[in-house]
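Residue numbers (the numbering used here), protein chains in the order written: chain L, 211 to 490; chain V, 6 to 377; chain X, 850 to 1150.
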Amino acid sequence: MTLGEGHLRRRFATFGWYTTLVALSVVILFPIYMLVLRAISSPIAFINAGQPLRLVDPEWDIFSRAWNDAGLARAMLISVVVTAVIMVGQFLTSVMAAYAFAFLEFPFKRLMFAVVIGTLLLPIEVTLIANVRTIRDLGWLNSVQGLSVPFLATALGIFLIRQGFMAVPRELRDAATLDGFGHLGFMFRVAVPLAKPVIGSFLVISFLSAWNQYVWPRNATDEGAWQTVQIALRTLTTTRVDELNLAFAGAIIAALPLVLLLIFFQRQMVSGLTAGAVKG
Amino acid sequence: MSAVTFDEVTKAFGETVAVENMSLEVIDGEFMVLLGPSGCGKSTALRMIAGLEEVTSGMLSIGNQVVNDIPPRERDIAMVFQSYALYPHMTVRKNIESPLVANKRTRLAPAEREQRVHEAAEILGLTEYMDRKPGELSGGQRQRVALARAIVRRPQVFLMDEPLSNLDAKLRTQTRLELVELHRRLGTTFVYVTHDQVEAMTMADRIAIISDGRVQQVGRPQEVYDRPENLFVAQFIGSPPMNTISGTLTTGSSGRTVQTAVGSFAVSDGTGAPDGTPVVAAVRPEHMAVATTDGAGLSGTVENIEMLGHERHLLARVDDRVMVARLGPEDPSPAIHDRVALTVDPDRAHLFDAATTRRLDDSAVAAPGNAR
Amino acid sequence: MTTTLGGAPDRAPKRTSQKVREGLLGWLFLLPALAVFVAFFYYPLYLLVDMSLHRENRFGIGDPPYVGPSQIVDTLTGSDFIEGLTNSGLYMVYTVPLGLVLGVLLAVAANRRLRGIRVFQTIFSSTVATSVAVASVIFFTLVNPEVGYFKDVSWLSLDNPDWALFSVSLSSVWQNLGLTFIIVLAALQAIPAEMEEASALDGYGPLRHFWQITVPLISPALLFLAVVLVVHALQAYAQIELLTNGGPGTATETLLYKIADPQGIRSIGTKASMSLGLFVLTAVVAAAQYGLLSKRVHYGD
Ligand SMILES: Nc1ncnc2c1ncn2[C@@H]1O[C@H](COP(=O)(O)OP(=O)(O)OP(=O)(O)O)[C@@H](O)[C@H]1O
Ligand SMILES: [Mg+2]
Chain L
211 MTLGEGHLRR
221 RFATFGWYTT
231 LVALSVVILF
241 PIYMLVLRAI
251 SSPIAFINAG
261 QPLRLVDPEW
271 DIFSRAWNDA
281 GLARAMLISV
291 VVTAVIMVGQ
301 FLTSVMAAYA
311 FAFLEFPFKR
321 LMFAVVIGTL
331 LLPIEVTLIA
341 NVRTIRDLGW
351 LNSVQGLSVP
361 FLATALGIFL
371 IRQGFMAVPR
381 ELRDAATLDG
391 FGHLGFMFRV
401 AVPLAKPVIG
411 SFLVISFLSA
421 WNQYVWPRNA
431 TDEGAWQTVQ
441 IALRTLTTTR
451 VDELNLAFAG
461 AIIAALPLVL
471 LLIFFQRQMV
481 SGLTAGAVKG
Chain V
6 MSAVTFDEVT
16 KAFGETVAVE
26 NMSLEVIDGE
36 FMVLLGPSGC
46 GKSTALRMIA
56 GLEEVTSGML
66 SIGNQVVNDI
76 PPRERDIAMV
86 FQSYALYPHM
96 TVRKNIESPL
106 VANKRTRLAP
116 AEREQRVHEA
126 AEILGLTEYM
136 DRKPGELSGG
146 QRQRVALARA
156 IVRRPQVFLM
166 DEPLSNLDAK
176 LRTQTRLELV
186 ELHRRLGTTF
196 VYVTHDQVEA
206 MTMADRIAII
216 SDGRVQQVGR
226 PQEVYDRPEN
236 LFVAQFIGSP
246 PMNTISGTLT
256 TGSSGRTVQT
266 AVGSFAVSDG
276 TGAPDGTPVV
286 AAVRPEHMAV
296 ATTDGAGLSG
306 TVENIEMLGH
316 ERHLLARVDD
326 RVMVARLGPE
336 DPSPAIHDRV
346 ALTVDPDRAH
356 LFDAATTRRL
366 DDSAVAAPGN
376 AR
Chain X
850 MTTTLGGAPD
860 RAPKRTSQKV
870 REGLLGWLFL
880 LPALAVFVAF
890 FYYPLYLLVD
900 MSLHRENRFG
910 IGDPPYVGPS
920 QIVDTLTGSD
930 FIEGLTNSGL
940 YMVYTVPLGL
950 VLGVLLAVAA
960 NRRLRGIRVF
970 QTIFSSTVAT
980 SVAVASVIFF
990 TLVNPEVGYF
1000 KDVSWLSLDN
1010 PDWALFSVSL
1020 SSVWQNLGLT
1030 FIIVLAALQA
1040 IPAEMEEASA
1050 LDGYGPLRHF
1060 WQITVPLISP
1070 ALLFLAVVLV
1080 VHALQAYAQI
1090 ELLTNGGPGT
1100 ATETLLYKIA
1110 DPQGIRSIGT
1120 KASMSLGLFV
1130 LTAVVAAAQY
1140 GLLSKRVHYG
1150 D
């Protein structure tokens, strides 16, 4: 009797949880559904139809139009190049600095570590005005270097990778010394491979923050040709109402790399986000 | 020729002196074991040979070369670590090959490398695991990879820091034999660090016993067992450890005796120490027996009889300590709480100066190379 | 590379040269990062101070004259700055508590063994695949006053000065859900199963279990998230520009929006002074962030 009751209660609870899960999913997915709907539907017809929850006059070529005619191809290219430069740069500067902090003795080491950590107090939002002036003085407005150089080093990367390096067991370091590894050999053939999980997480953070940047590229460029894809989205939302679906399709295109990342690097993404919790 | 020479070598970490004024000669081709309790400085001594720790003062040589200022990679040595220190991300082959490729200046040609790796793998029976990573090997196999990585260099000296301590008991016994065999086969000098006296006794050509950063005695296993140079060695070597009791040296009707608070016993002594010298006598359990006649030996009460199968140990409370005597197969077992008297084999009692803890026996000449 | 690894202090001359070489190598490795930090993190701080001590003349001709700290004081006590500060503060109030509660709700709901739970977990994580700009475009379809799906819902109206900022902030709440969910779920999954069983044996009901066991155990993660969400709120910019352009009027101009000043209505000196205000604010938050970060690493997760 009690057993049957408990069974019933459990089925009831299960049903309750499924209801909750579905309701929450709707809250999260509805905005995305709306974006897709609006991207494919013809803008004016959709509004005239009273904004139904279905496609209206679908324009299936909207993605190719956004890509080709609305300049998203170029914007994506710039985003890809800038993101790649930032990621490679951050990887190299972080690994090298982390190596110095983890394995080398040099004068003013502690002070330098404080200098690195101190940059956390100076995010791009704070230094925006001044850095725009610097970039302008350098003649780097509207250029790849202007978009990327200020981000070629990051305290978070140095900090995380240093933690990874310091976890290399002492005996392994000794063994490498006896094997005859020099510093570069040890760094790239032992330390970096061993710190791969941390570095993977960091690269995810690096990718997300570089790809998603908005404030800096918005202020370091003033020509349409140098817009990153995030900035292109803003431009598209300011166009005529009957072409707004270009902006909506553009948003889908801009999110695609992150969707792929989420699918293929879920584990690194989760550990990266947990480690660094960056702005996306 | 000696393979490794410590000449008054001291190593200090700030205030801590890990190795103090160590002088030791490791003879070419021998299996030298550095034995001592935890924290005595034996790893530090070994790491100085490797160049992983710098010498604070004194002179350290490998072969005929003073190596104080020679970086590790230019010393002709190989080391096996307690944790094996294998590269987890490399295959067994890459691990073994690593010493041959890491140093660009001494890198070998691929063909020769291949051949040497194969040879080392062959010796240690690793040929079928070459493409696995260390994580896919058992503890014993990992240990053999570490050995292979050492022998592939063909160094002048092998250094090993407790390489067996991560193995289970059975494998440890087996690997002990294999290491001795390997040493015989290679004919190269081994310097081997352990705190396990069984390892030291079974494998060493010579043992250096270390305590508090100092060498206490150097000698062949039988030598250090039979003629401990000082009280520390006497108590450290042997299991169960020697019984010790302090007393005064006197001369009686039956020759020299040691007079203690709980009785006296005769010793056959070769010392010129005068009567009245305070001494500490040390006697192995197998050299003590339960008295069959009254009035002789040290009196005590039986606390326990330990059955070990092939022998029995009698634990008796004598004065404020527990003494252990090994009972022969025919000896009767006294009951617990019985009063017994323990006798000492006069020829096997070791006498140490109570003040200096040095051996009194003047026939105990220092083993060649070192005495302190 | 001819230097070797390791090496502690020593007196011998040969080793001394090795030490010098190691020191040089350390600096060499540090140099690239340091160059970026100096040029784009520390030098700008100097520039900001310098800019806020000089006041541009009306036409921006010639070098701006030195005016001392008066401009900083004027700006930081001015109504423009106070409004930006208030809006940024309100943005935190709107996004942080709601974001935490929803994140916990999602994670608790998805942290159980049910068939198909992975699908729900993927859905709940999905907003991490959006940037602020993408999320803003998504909310454009919902709350834009002309074409938004909810354009007639008054408390979501971007035309209503009282509700516009709240409406914008919902895009951030939504966008942060994925991150919050992932972190809280990780924290929940780190709770050992025995805890659950032990508290069940002790006779705890589900609600008491949640408040007395679960919440304390995940509180480090929640604290960490709170800091992260505060930082996100301070950095809110794209969503303002895409959804309202700061309007209606200046009702949704956050501090950063005023500093970035897309319409170019403020002088350099004013914006630099405001940046210094933002710097102080950020410093407080970043200090908390660093404290938490090193603690987390210390836990070993
Ligand atoms: N890098 C170091 N810094 C400071 N003190 C050290 C260092 N390495 C060793 N010591 C100290 O030197 C002494 C000897 O250490 P060592 O590692 O040689 O002992 P050990 O005989 O190998 O002991 P064990 O059997 O536990 O390995 C110890 O007191 C230890 O604390
Ligand atoms: Mg040791």
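Think of the CB as a built atom: it goes at the ideal place given N, C-alpha and C, for glycine as much as any other residue.
Can you tell me whether residue i is buried or exposed? The criterion is at least 16 other CB atoms within 10 Å of its CB, across all chains shown.
i	result
X/Pro858	Interpretation of X/Pro858 is limited by its pLDDT of 41, a score under 50 that renders its predicted location unreliable; the figure taken from the coordinates is listed afterwards. By the neighbour-count rule (16 or more Cβ atoms within 10 Å), X/Pro858 is not buried but exposed.
X/Leu1007	buried
V/Met408	No information on residue 408 of chain V is available, as it lies outside the stretch 6 to 377 that chain V covers here.
V/Asn248	buried
V/Pro334	exposed
V/Gln222	buried
X/Ile1114	exposed
X/Val942	exposed
X/Lys1120	buried
X/Met850	Caution applies to X/Met850, whose pLDDT of 37 falls short of 50 and renders its modelled position unreliable; the value that the coordinates give is listed next. Exposed is the call here.
V/Gln70	exposed
V/Val85	buried
X/Ile931	exposed
X/Phe1128	buried
V/Glu234	buried
X/Val1022	buried
X/Gly855	Because the pLDDT of X/Gly855 is 44, which lies under 50, any placement of that residue in the model is unreliable, and the question is left without a value.
Where do the ends of the alpha helix (DSSP H) carrying residue i lie?
i	result
X/Ser1018	Ala1013 to Gln1038
V/Ala13	In the sequence under discussion, the amino acid at residue 13 of chain V is Glu, which differs from the Ala named in the question. Per DSSP, V/Glu13 belongs to no alpha helix (DSSP H); it is in the beta strand (DSSP E), Ser7 to Phe18.
L/Phe301	Leu282 to Phe313
V/Asp326	In the sequence as presented, Asp is not what sits at residue 326 of chain V; that position holds Arg. Per DSSP, V/Arg326 belongs to no alpha helix (DSSP H); it is in the beta strand (DSSP E), Arg326 to Leu332.
V/Val196	Where V/Val196 is concerned, there is no enclosing alpha helix (DSSP H), although the beta strand (DSSP E) it sits in stretches over Thr194 to Thr199.
L/Gly374	Ala365 to Met376
Along the chain, where does the beta strand (DSSP E) that runs through residue i open and close?
i	result
V/Lys175	First-last for V/Lys175: Ala174 to Leu191, but that is the alpha helix (DSSP H), not the beta strand (DSSP E).
V/Ile32	Thr21 to Ile32
V/Asn309	Gly302 to Met312
X/Arg964	Segment: none, X/Arg964 is in no beta strand (DSSP E) and carries neither H nor E.
V/Ser62	Ser62 to Ile67
V/His318	Arg317 to Val323
In chain L, what lies closer than 9 Å to residue i by C-beta?
i	result
V/Asn108	Asp389, Gly390, Phe391, Gly392 and Gly395
Note down, in chain order, every chain L residue with its Cβ under 8 Å from the Cβ of residue i.
i	result
X/Trp1017	Before going on, a small fix: residue 1017 of chain X reads as Val here, not Trp. Residues of chain L passing the Cβ test: none, with the nearest at roughly 14 Å.
V/Leu57	Asp384, Thr387 and Leu388
V/Phe86	Glu381, Asp384 and Ala385
V/Ser48	In chain order: nothing, as chain L lies at least about 11 Å away.
Using a Cβ cut-off of 7 Å, pull out every chain V residue sitting near residue i, in sequence order please.
i	result
L/Val400	Tyr92
L/Pro360	Chain V residues near L/Pro360: none, gap ~34 Å exceeds 7 Å.
L/Pro403	His94
Could you check if residue i belongs to the surroundings of ligand 3, using beta carbon to heavy atom distance under 7 Å?
i	result
V/Glu167	For the structure depicted, ligand 3 is absent and the ligand set comprises only ligand 1 and ligand 2.
What does residue i reach in chain L if we use C-beta pairs closer than 7 Å?
i	result
X/Lys1107	Ordered by position in chain L, no residue passes the 7 Å Cβ test against X/Lys1107, which lies about 11 Å from the chain.
How would you list, in chain order, the residues of chain X whose beta-carbon sits under 7 Å from the beta-carbon of residue i?
i	result
L/Ile257	Val996
L/Ala310	Gly875, Phe878 and Leu879
Counting only beta-carbon separations shorter than 8 Å, does residue i have a partner in chain A?
i	result
L/Glu381	No chain A appears in the structure shown, which is made up of the protein chains L, V and X.
List, in order along the chain, the chain V residues whose C-beta lies closer than 9 Å to that of residue i?
i	result
L/Leu314	Per Cβ cutoff of 9 Å: no residues; L/Leu314 is ~15 Å from chain V at best.
Can you pull the chain X neighbours of residue i, defined as C-beta to C-beta under 8 Å?
i	result
L/Glu453	Simply none; closest approach about 12 Å.
L/Arg261	The identity of residue 261 of chain L in the sequence shown is Gln, whereas the question assumes Arg. The contacting residues are Tyr998.
Legend entry - Ordered list of alpha helix (DSSP H) runs contained in the segment 212-297 of chain V, each at least 4 residues: 226-231 and 236-241
Interfacial residues, the segment 88-101 of chain V to chain L, with Cβ spacing under 9 Å: Ser88, Tyr89, Ala90, Leu91, Tyr92, Pro93, His94 and Met95
Check: What residues in the segment 1085-1098 of chain X bring their beta carbon closer than 8 Å to a beta carbon of chain L?
Finding: Tyr1086, Ala1087, Glu1090 and Leu1091
- Using a Cβ cut-off of 7 Å, which residues of the segment 161-191 of chain V contact any Cβ in chain L, in chain order? none
Practice prompt. Compile a chain-ordered list of the residues in the segment 881-915 of chain X whose CB is closer than 9 Å to at least one CB of chain L.
Written response: Pro881, Ala882, Leu883, Ala884, Val885, Phe886, Val887, Ala888, Phe889, Phe890, Tyr891, Tyr892, Pro893, Leu894, Tyr895, Leu896, Leu897, Asp899 and Met900
For a minimum of 4 consecutive residues, which ranges assigned as the alpha helix (DSSP H) are wholly contained in the segment 419-488 of chain L?
425-430, 439-447, 454-474 and 476-486
Checklist line | Members of the segment 418-430 of chain L that neighbour chain X once the beta carbon cut-off is set at 9 Å | finding: Leu418, Trp421, Asn422, Gln423, Tyr424, Val425, Arg428 and Asn429
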